[in-house]
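Q: The sequence shown: position 4 = 919 (this note's numbering), numbered continuously. Here's a structure for you.
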Amino acid sequence: MATKKPEKMAFEEAMNELDVIVNELESGDIPLEDALKKFERGIALARNSQQKLTQAEQRVEILLQADDNAPLTDFEPSDD
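This is the structure:
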């Protein structure tokens, strides 16, 4: 099965794959070359997921601005 490009993946799908990659890398039971390929894939997934989160945040801000009764506040990520 061909691997999907991160741009074509849903956010949740990318995060699930990233979680699998992190677990595999943390196990330390894979050859170096495979680990490097997985790391590269993980970076691509993380960057694309961050971009999708940024876009979602921008959409929320636009929607809030469209509602004259909704106060705007700065986005503050939780420490969880």
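Even glycine gets a Cβ: it sits at the ideal position worked out from N, Cα and C. What you are looking at is a predicted structure, and each value in this text was computed from that prediction instead of being measured.
Should P946 be labelled buried (16 or more other beta-carbon atoms within 10 Å of its own) or exposed?
A: Counted from its first residue, the sequence shown places residue 946 at position 31. The residue is exposed, with fewer than 16 neighbouring Cβ atoms inside 10 Å.
Q: Rounded to whole angstroms, what's the CA-CA distance from M930 to A981? Just pull it up for me.
A: Position 15 of the sequence shown, counted from the start, is the residue given in the question as residue 930. Position 66 of the sequence shown, counted from the start, is the residue given in the question as residue 981. Distance between the alpha carbons of M930 and A981: 30 Å.
Q: Between L960 and the rest of its own chain, which residues show a CB-CB distance below 7 Å, the 5 nearest in sequence each way excluded?
A: Here the question's residue 960 lines up with position 45 in the sequence shown. Taken in chain order, the residues that qualify are P921, A929, E932, L933.
Q: Between the C-alpha atoms of Q970 and G943, what's the straight-line distance to the nearest angstrom?
A: Within the sequence shown, residue 970 is the residue found at index 55, counting from 1. Within the sequence shown, residue 943 is the residue found at index 28, counting from 1. Computed Cα separation, rounded: 34 Å.
Q: In whole angstroms, what separates the C-alpha of T918 from that of A950?
A: As a working note, residue 918 is residue 3 in the sequence shown. As a working note, residue 950 is residue 35 in the sequence shown. In a straight line, the C-alpha of T918 is about 16 Å away from that of A950.
Q: Hey, quick one: how far does the alpha helix (DSSP H) through E948 stretch, first residue to last?
A: Indexing the sequence shown from 1 puts residue 948 at position 33. Counting along the chain, the alpha helix (DSSP H) containing E948 begins and ends at 947-981.
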